[in-house]
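Peer 1: In this text, residue positions in the sequence shown follow this note's numbering: the first is 1064, and each later residue adds one. Just so you know, even glycine gets a beta-carbon here, dropped at the ideal spot from N, CA and C. What follows is a structure written as structure tokens; I'll ask about it next.
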Amino acid sequence: MAQIFSFNFGLRKPAMPTYASDEEVKRAIKNELARRLSDDDLEIPPLPHVALRVLELARKPNSSIVEITELIETDPQITAKILKMANSPVYRGLHDVTNIDTAVVMLGLWAVADLIFAFSVQGKVFRSALFGEEMDRQWEHAVGCAYISMALAKGLKLPGEDVYVGGLLHDIGKPIMLNAVENVFRRNPQKVDPAVIEGPFLDELLEEYHGPFGGLVARRWELPEPLIHPIERHHYPDLGGDDRLTTIVAVADLFCHRFGIGCDANEELNVADHPWVHALGISHDDVVKVFASLEKDVFEYVEFFKQSA
Ligand SMILES: [Fe+2]
Ligand SMILES: [Fe+2]
């Protein structure tokens, strides 16, 4: 299918080349992404203010419940979602949770902070009119990896700081790339057929570039250095020396791939005996125990986020 393709990734000076074939369109998209990456020249949505504030509070000694609840209450949508989560089967206690103070007491201050971060990023970054299905998968994968990362750190009594956000953002390069590609289509509604790039081409593109794109996003957002590593290196956690956060996120990512959380399941993947698991210094039996308890919970957790989108 020949396409006339006007190509613009949020370019300051729109270019209007035309392409004779689908292959040319694909090549042009790939070249443009590579160029934008090497020139550090891409429109990136800002990190939502609420998410930024959560990261600040997490790093501030003596952050208080009052500061967190005040922050939540600046956003009625997030408030409603937190209350819904507190009353969901994932966390449900004996009584209905009707206010944020009780939710904080029940879920814990930092679990609530993690949820605020997740909900604010969900609404602002993981959105796509054109690649909605793919974006939903990315979101499921992000939330699943965040949950497993946190549960792994807790269950194995490993340091838990930044673990949830690290898991949530590890593949952040993918939604950013989807948004970039979507800009092309949004500006050329009559001329371009999205089916040209959806499928294996888009999958390969995301796989090839998401690490460096994620690094670009993380640096533009000025994330704390420890959070940049799991984004850039989650497929090579052994390259970073003794970087436990990256290794935990990498193992959580393996779990997601083993069980098909926001991706195709790979039943051949032996997570418990994987070298990255050994690198965490935990036994095969302990990992099997943690994973057995996780298997059901993580799907419930992901399902909640899907329904609250
Ligand atoms: Fe990845
Ligand atoms: Fe991943």
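With a threshold of 8 Å between beta carbons, is W1173 in contact with chain C?
Peer 2: Considering every chain present, this structure includes no chain C. It has just one protein chain.
Peer 1: Quick check: the Cα distance between A1258 and F1194, rounded to an integer number of angstroms?
Peer 2: Cα-Cα distance, rounded: 10 Å.
Peer 1: Extract the residue ranges of the alpha helix (DSSP H) inside the segment 1120-1191, only unbroken runs of 4 or more that lie entirely within it.
Peer 2: List check, alpha helix (DSSP H) in window: 1128-1136, 1139-1149, 1163-1170 and 1172-1187.
Peer 1: Could you name the residues of the same chain whose beta carbon sits closer than 6 Å to that of F1189, not counting the 5 residues immediately before and after it, in chain order?
Peer 2: Excluding positions up to five away in sequence, the list reads M1198, W1202 and P1238.
Peer 1: Hey, could you find the ends of the alpha helix (DSSP H) L1193 is sitting in?
Peer 2: Unbroken run through L1193: none, as it is neither H nor E.
Peer 1: Taking the alpha helix (DSSP H) that S1084 falls in, what are its first and last residues?
Peer 2: Run containing S1084: none; DSSP gives neither H nor E here.
Peer 1: Within the chosen definition, does the segment 1109-1118 reach the segment 1174-1184 through at least 3 CB pairs nearer than 8 Å?
Peer 2: At 8 Å Cβ cutoff, the stretches touch.
Peer 1: If you follow the alpha helix (DSSP H) that W1339 is part of, which residue opens it and which one closes it?
Peer 2: Where W1339 is concerned, the enclosing alpha helix (DSSP H) stretches over P1338 to A1342.
Peer 1: Could you tell me whether any non-hydrogen atom of ligand 2 is closer than 7 Å to the CB of D1316?
Peer 2: Yes - ligand 2 has a heavy atom lying nearer than 7 Å to the Cβ of D1316.
Peer 1: Could you give the residue range of the alpha helix (DSSP H) that holds G1304?
Peer 2: That residue, G1304, is in no alpha helix (DSSP H); it is neither H nor E in DSSP.
Peer 1: With distances taken from CA atoms, which of D1225, P1152, Y1364 and V1314 is nearest V1351?
Peer 2: Taking only the C-alpha atoms, the option nearest V1351 is V1314.
Peer 1: Taking 7 Å as the cut-off, does the CB of H1292 come closer than this to any heavy atom belonging to ligand 1?
Peer 2: Outside the cutoff, so no.
Peer 1: On the DSSP letters alone, give me the boundaries of the alpha helix (DSSP H) that K1359 sits inside.
Peer 2: Element bounds for K1359: H1347 to Q1370.
Peer 1: Quick check on DSSP: helix, strand or coil for E1245?
Peer 2: In the structure shown, E1245 sits in a helix (DSSP, three-state: H, G or I).
Peer 1: Counting pairs of beta carbons, one from the segment 1161-1169 and one from the segment 1086-1098, are three or more of them closer than 8 Å?
Peer 2: The segment 1161-1169 vs the segment 1086-1098: no contact.
Peer 1: With C-beta atoms as the reference, is D1306 less than 8 Å away from H1292?
Peer 2: Yes; because the gap between Cβ atoms is below 8 Å, this pair is in contact.
Peer 1: Going by DSSP in three states, P1108 sits in which element: helix, strand or coil?
Peer 2: Note: P1108 maps to coil in three-state DSSP.
Peer 1: Can you find the residues in the same chain that come closer than 8 Å, C-beta to C-beta, to G1186, ignoring five residues on each side of it along the sequence?
Peer 2: Contacts found: P1111 and Q1140.
Peer 1: Going by the CB atoms, is the gap between M1240 and F1276 shorter than 8 Å?
Peer 2: Yes, Cβ-Cβ distance for F1276 and M1240 is below 8 Å.
Peer 1: Give a yes or no on whether the C-beta atoms belonging to R1296 and T1309 are separated by under 8 Å.
Peer 2: Closer than 8 Å, so yes.
Peer 1: Counting only the same chain and skipping the five closest in sequence on each side, list residues whose C-beta sits under 8 Å from that of K1089.
Peer 2: These residues qualify, in order along the chain: V1259, I1260 and F1264.
Peer 1: Under 7 Å from any heavy atom of ligand 2, does the C-beta of D1327 make it?
Peer 2: Because no heavy atom of ligand 2 lies under 7 Å away, the Cβ of D1327 does not count as near it: no.
Peer 1: Just the Cα atoms here: how many angstroms apart are P1338 and I1345?
Peer 2: About 11 Å.
Peer 1: Which first and last residues belong to the alpha helix (DSSP H) in which H1292 is found?
Peer 2: Where H1292 is concerned, the enclosing alpha helix (DSSP H) stretches over E1288 to R1296.
Peer 1: Using the Cβ count rule (16 or more neighbours within 10 Å means buried), how would you classify N1162?
Peer 2: Counting Cβ neighbours within 10 Å, N1162 comes out exposed, since fewer than 16 surround it.
Peer 1: Could you check which residue in V1340, H1341 and L1317 has the C-alpha nearest to that of E1331?
Peer 2: Checking every option, the nearest Cα to that of E1331 belongs to L1317.
Peer 1: On the criterion of 16 or more Cβ atoms from any shown chain inside 10 Å, does Y1299 qualify as buried, or is it exposed?
Peer 2: By the 10 Å Cβ count, Y1299 comes out exposed.
Peer 1: Which class does K1220 belong to by DSSP, given the choice of helix, strand or coil?
Peer 2: K1220 falls in the coil class under three-state DSSP.
Peer 1: Below 8 Å on the Cβ atoms is my contact criterion, and I expect V1184 with V1365 to pass it. Report the Cβ-Cβ distance as a whole number of Å.
Peer 2: So it is not a contact: roughly 15 Å between Cβ atoms.
Peer 1: Which value, in whole angstroms, describes the spacing of the CA atoms of P1084 and D1266?
Peer 2: Correcting the residue type first, residue 1084 is Ser in the shown sequence and not Pro. Taking the straight line joining both Cα atoms gives about 20 Å.
Peer 1: Would DSSP call W1284 helix, strand or coil?
Peer 2: In this structure, W1284 counts as coil in the three-state DSSP scheme.
Peer 1: By DSSP, does H1233 sit in helix, in strand, or in coil?
Peer 2: Coil.
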